[in-house]
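Undergrad: Chains as they are written, first to last, in the working numbering: chain A, 698 to 1079; chain B, 698 to 1079. For every residue, glycine included, the Cβ atom is placed at its ideal position computed from N, Cα and C. Please read these numbers as outputs of a predicted model, since none were measured by experiment. Okay, here's the structure, questions in a sec.
Structure, rendered in structure tokens:
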């Protein structure tokens, strides 16, 4: 089991390189994690277990955090589920979010159990009194509320207005209406998500919302599908917003065990360049110019990188036409060629060796690079 | 082997649903395929075989076209490679693009061999006379030229100007400089690509170029990496541009056999909604509310869909909270529940059946839907 302290140390002081989100966005604290206000973009997921099964839920939470998940949501459909929350919160080692639909009492119970965030739509919980009760409880406990608008459950009047089509304007209006219910009670610790099955609607909704509000955004494509296609769809929706500095926390929703979602989340963060936790391996596409077995070489390099927890950029190039140029951006590059190969550091050739010594030479230079980085890191921390 | 006629029929009259690209963009013909001018977005790839090995190259081309590739590039590094081109062009059954670096004579040979497009940078081939010779040959033959700017090989003066950083402005300036070399010779059948390893640079370059020119754009991330991460990175770069109607042809570059790139290309087209060739399967993420084995149900549904070549949208939902609402956008939906399940068509419940009959009821309703679509299609064609 991952202890809370160890977890936080891993997140905050480890080798995970963090790039900030947009600093102009409202900062919301979810337990010890900041979302928005320039904080790193947070990776989250949701348990697929029955929340009442504390053991199974905790086991899944620990698998998720080991995979790199930083915030875990659990469904709270009834009172026996909320009764399980304190035990889950105590052992989770990661902030826990309670996912609640309709029942305001579940929200009050979840706050008491010590969750770090509530996901609830105030428009669904009934009278203004109930909304006030939830807001008061969350406010006293310092717990934020995430409003989740979903293309599948837009209010009827908005759908009627928009000729029964799900539009970005409709999504944003539905979100702002929920926000208004909280803000009129003086509650501002809000995160908003607008998830749609159509990537274009999801992207447009979040772009539009960002123009109107400084509330941090939780990004996701809903019902993305099975891992292959679903990952691509999520990457397009989430990634294209992150590129434009929109989005403060992300969830990839796949029809698969949630542990698989975490790898895709990190791939998206690394591919957009907004956050990095491990070496990045880039390789040229194979083409007719290639003189070595690039794919095998990349797999060998990947094996060597498995032991490296520093976010270095590694380029593996198969020929001398684009190779040296494309390796320029990388911290370390390996350029294959017939008989001879090269190792590059920051665009400079540092070694030229026979093909059969290429991999070992790369390993040696990589060790030097990692050592230098560690020394530099130690200096930064001291 | 796929015959050219059969190939074109499959592309132009089959069940592949096509959405146009931006109609304001210059239209360029690549053999029988239009790129730009509102034409559908074209999927392409590049052979990894030695072009001189005609048999291996043709075999790979046929694997690529069977997978859904519509345009195939081959490397032409020397005269023996260009000598192989006519045999490849004759049997390819798909337009062939010659990829040429530095040697203008290879371009002239490729034109003679009947390729449908040349990829060459005029700035690399030497004197103005040589550029004119290539332009004249392509012009007479009605063959377009693709200019390919790559983050790894920007001109030194542009890199010097930009403090040795690869920037979007630098990429665009490099592209426009190449364009100018062709346009001053009166040649306008041009396609441009600006590929970078950084998704943000690639996206920004293409956005900027589109503001300055109506030349169609070939999109791709260079050196994307191995399939998992590389697909995600390509999806973000290509997908976020397609969402904004930027990009007329796409290539995913993975360090893997090129056949694997094609599936990712199609996933990107389908996930952005710009083009569709097969049923889309969406499913809700698994959560604690779920009362059925959603993943198994989706896999069963996917098996049924394997035989369907009509682009219907299918939703598989695991509960009644979001299920019916989220299935509203789908042509056909299957909503699981404890003991009972539902089949939906365009948001209306058409059947409610016992759990054990759910899959067969879905199969029946899907058949009806496909039959209706086929009848409608026949009407459209008559």
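Is it the case that the Cβ atoms of residue 896 of chain B and residue 933 of chain B are separated by a distance below 7 Å?
TA: Sequence index remark: in the second chain, residue 896 of chain B carries index 199 (1-based). Sequence index remark: in the second chain, residue 933 of chain B carries index 236 (1-based). Yes, the Cβ-Cβ distance between residue 896 of chain B and residue 933 of chain B is below 7 Å.
Undergrad: Indicate whether at least one CB of chain B lies closer than 7 Å to the CB of residue 932 of chain A.
TA: Start at 1 with the first residue of the first chain, and residue 932 of chain A comes out as number 235. So yes, residue 932 of chain A belongs to the interface.
Undergrad: I'd like the list of long-range same chain contacts for residue 806 of chain B, defined as Cβ closer than 6 Å, with 5 residues on each side in sequence excluded.
TA: Counted from its first residue, the second chain places residue 806 of chain B at position 109. Answer for residue 806 of chain B: 779, listed in chain order.
Undergrad: Give me the DSSP bridge partner(s) of residue 1038 of chain A.
TA: Counting from one through the first chain, the residue named residue 1038 of chain A turns up at place 341. DSSP output for residue 1038 of chain A lists A/1050 as bridge partner(s).
Undergrad: If we count the other Cβ atoms within 10 Å of its Cβ and call it buried at 16 or more, is residue 774 of chain A buried or exposed?
TA: Numbered from 1 along the first chain, position 77 holds the residue referred to as residue 774 of chain A. By the 10 Å Cβ count, residue 774 of chain A comes out buried.
Undergrad: Counting beta carbon pairs with one atom in the stretch 830-843 of chain A and one in the stretch 856-863 of chain A, are three or more of them shorter than 8 Å?
TA: Because the criterion of three Cβ pairs below 8 Å is not met, the stretch 856-863 of chain A and the stretch 830-843 of chain A do not touch.
Undergrad: For residue 921 of chain A, count neighbouring C-beta atoms within 10 Å of its own C-beta (all shown protein chains included) and say buried if the count is 16 or more, exposed if not.
TA: Here residue 921 of chain A refers to the residue found at position 224 of the first chain. Result: buried.
Undergrad: Would you please verify whether the beta carbon of residue 946 of chain A is less than 7 Å from any beta carbon of chain B?
TA: On the first chain, residue 946 of chain A is found 249 positions in, with the first residue counted as 1. Not an interface residue.
Undergrad: So, helix, strand or coil for residue 1026 of chain A, using DSSP?
TA: In the first chain, the residue the question calls residue 1026 of chain A occupies position 329. The answer is helix: DSSP assigns residue 1026 of chain A an H, G or I state.
Undergrad: Output needed for residue 927 of chain A: all residues of its chain with C-beta closer than 6 Å, excluding positions within five of it in sequence on either side, in chain order.
TA: Along the first chain, one-based indexing puts residue 927 of chain A at 230. The answer, listed in chain order, is 921 and 951.
Undergrad: For the stretch 1022-1036 of chain A, which residues have a CB atom closer than 7 Å to at least one CB atom of chain B, in sequence order?
TA: Listed by position along the chain: 1022, 1023, 1025 and 1026.
Undergrad: Apart from the five residues just before and just after residue 1030 of chain A, which ones in its own chain have a Cβ nearer than 6 Å to its Cβ?
TA: Stepping through the first chain from its first residue, residue 1030 of chain A is reached at position 333. So the qualifying residues of the chain are 1012, 1024 and 1041.
Undergrad: Sort out for me which residues DSSP pairs residue 741 of chain B with in a bridge.
TA: On the second chain, residue 741 of chain B is found 44 positions in, with the first residue counted as 1. B/768, per the DSSP bridge assignment.
Undergrad: Within its chain, find whatever has a CB closer than 6 Å to the CB of residue 760 of chain A; leave out the 5 residues flanking it on each side and keep chain order.
TA: As a working note, residue 760 of chain A is residue 63 in the first chain. If we look at residue 760 of chain A and ignore the five residues flanking it on each side, its Cβ neighbours are 956.
Undergrad: Could you list which residues in chain B have their beta carbon closer than 8 Å to that of residue 978 of chain A, in chain order?
TA: As a working note, residue 978 of chain A is residue 281 in the first chain. Result: 922, 923 and 926.
Undergrad: If you draw a straight line from the alpha carbon of residue 940 of chain A to that of residue 967 of chain A, how long is it in whole angstroms?
TA: The residue labelled residue 940 of chain A in the question sits at position 243 within the first chain. The residue labelled residue 967 of chain A in the question sits at position 270 within the first chain. Their Cα atoms are separated by approximately 11 Å.
Undergrad: Helix, strand or coil: how does DSSP classify residue 895 of chain B here?
TA: Taking the second chain and counting its residues from 1, one reaches residue 895 of chain B at position 198. In this structure, residue 895 of chain B counts as coil in the three-state DSSP scheme.
Undergrad: Is any beta-carbon of chain A found at less than 7 Å from that of residue 639 of chain B?
TA: Outside the shown range of chain B, which is 698 to 1079, sits residue 639 of chain B, and nothing can be said about it.
Undergrad: Could you spell out the range, first to last residue, of the alpha helix (DSSP H) harbouring residue 724 of chain A?
TA: Along the first chain, read from residue 1 onward, the residue named residue 724 of chain A stands at position 27. Element bounds for residue 724 of chain A: n/a, residue is neither H nor E.
Undergrad: Measuring CB to CB, does residue 917 of chain A end up less than 7 Å from residue 892 of chain A?
TA: On the first chain, residue 917 of chain A is found 220 positions in, with the first residue counted as 1. On the first chain, residue 892 of chain A is found 195 positions in, with the first residue counted as 1. In this structure, residue 892 of chain A lies closer than 7 Å to residue 917 of chain A by Cβ.
Undergrad: Measuring only the C-alpha atoms, how far is residue 867 of chain B from residue 1015 of chain B?
TA: Along the second chain, read from residue 1 onward, the residue named residue 867 of chain B stands at position 170. Along the second chain, read from residue 1 onward, the residue named residue 1015 of chain B stands at position 318. Roughly 50 Å separates the two Cα atoms.
Undergrad: Taking 7 Å as the cut-off, decide whether the C-beta atoms of residue 741 of chain A and residue 948 of chain A are in contact.
TA: Within the first chain, numbered from 1, the residue matching residue 741 of chain A stands at position 44. Within the first chain, numbered from 1, the residue matching residue 948 of chain A stands at position 251. Yes, the Cβ-Cβ distance between residue 741 of chain A and residue 948 of chain A is below 7 Å.
Undergrad: Please tell me whether residue 963 of chain B has its Cβ less than 7 Å away from any Cβ of chain A.
TA: Taking the first residue of the second chain as 1, we reach residue 963 of chain B at position 266. No, residue 963 of chain B lies away from the interface with chain A (no Cβ there is under 7 Å from its Cβ).
Undergrad: With 8 Å as the limit, tell me which residues of the stretch 859-872 of chain B have their beta carbon closer than that to any beta carbon of chain A; keep them in chain order.
TA: Going along the stretch 859-872 of chain B in chain order, one finds 863 with a Cβ nearer than 8 Å to chain A.
Undergrad: Grouping DSSP H, G and I as helix and E and B as strand, with all else coil, what is residue 1013 of chain B?
TA: Counted from its first residue, the second chain places residue 1013 of chain B at position 316. Three-state result, residue 1013 of chain B: strand.
Undergrad: Determine the chain B residues that contact residue 929 of chain A at a beta-carbon separation under 8 Å, and present them in chain order.
TA: The residue given as residue 929 of chain A occupies position 232 in the first chain. 928, 929, 932, 936, 961, 964, 965 and 968, listed in chain order.
Undergrad: If the cut is a Cβ gap below 8 Å, which residues of chain B does residue 896 of chain A touch?
TA: On the first chain, position 199 is the one that residue 896 of chain A refers to. By Cβ distance, chain B contributes 936, 940, 968, 969 and 970.
Undergrad: Along chain B, in chain order, which residues have C-beta atoms closer than 8 Å to that of residue 952 of chain A?
TA: Along the first chain, one-based indexing puts residue 952 of chain A at 255. Per Cβ cutoff of 8 Å: 980, 981, 982, 983, 991, 992, 995 and 1013.
Undergrad: State the start and end residues of the unbroken beta strand (DSSP E) segment that holds residue 796 of chain B.
TA: For the purposes of this step, residue 796 of chain B is taken as residue 99 along the second chain, with counting starting at 1. Where residue 796 of chain B is concerned, the enclosing beta strand (DSSP E) stretches over 793-796.
Undergrad: Can you tell me whether residue 702 of chain A is helix, strand or coil according to DSSP?
TA: Taking the first chain and counting its residues from 1, one reaches residue 702 of chain A at position 5. Summary for residue 702 of chain A: the model assigns pLDDT 39, below 50, so the residue's position carries little reliability, and this model does not support an answer.
Undergrad: Determine whether the Cβ of residue 912 of chain A lies closer than 7 Å to any Cβ atom of chain B.
TA: As a first step, residue 912 of chain A is located in the first chain; it is residue number 215 there, counting from the start. False, the Cβ-Cβ gap to chain B never drops below 7 Å.
Undergrad: Do you know whose CA, among B/929, B/964, B/1055 and B/936, lies nearest residue 989 of chain B's CA?
TA: Taking the second chain and counting its residues from 1, the one referred to as residue 989 of chain B is at position 292. The option with the nearest alpha carbon to residue 989 of chain B is B/1055.
Undergrad: Output yes or no for whether 7 Å exceeds the beta carbon distance between residue 794 of chain B and residue 786 of chain B.
TA: Here residue 794 of chain B refers to the residue found at position 97 when the second chain is read from its first residue. Here residue 786 of chain B refers to the residue found at position 89 when the second chain is read from its first residue. No, these two residues do not count as a Cβ contact at 7 Å.
Undergrad: When the distance is taken between beta carbons, is residue 812 of chain B closer than 7 Å to residue 819 of chain B?
TA: Translated into the one-based positions of the second chain, residue 819 of chain B becomes position 122. Translated into the one-based positions of the second chain, residue 812 of chain B becomes position 115. In this structure, residue 812 of chain B does not lie closer than 7 Å to residue 819 of chain B by Cβ.
Undergrad: Check the DSSP bridge columns for residue 915 of chain B and list the partner residues they point to.
TA: Mapped onto the second chain, residue 915 of chain B falls at position 218. Paired residue(s): B/890 and B/946.
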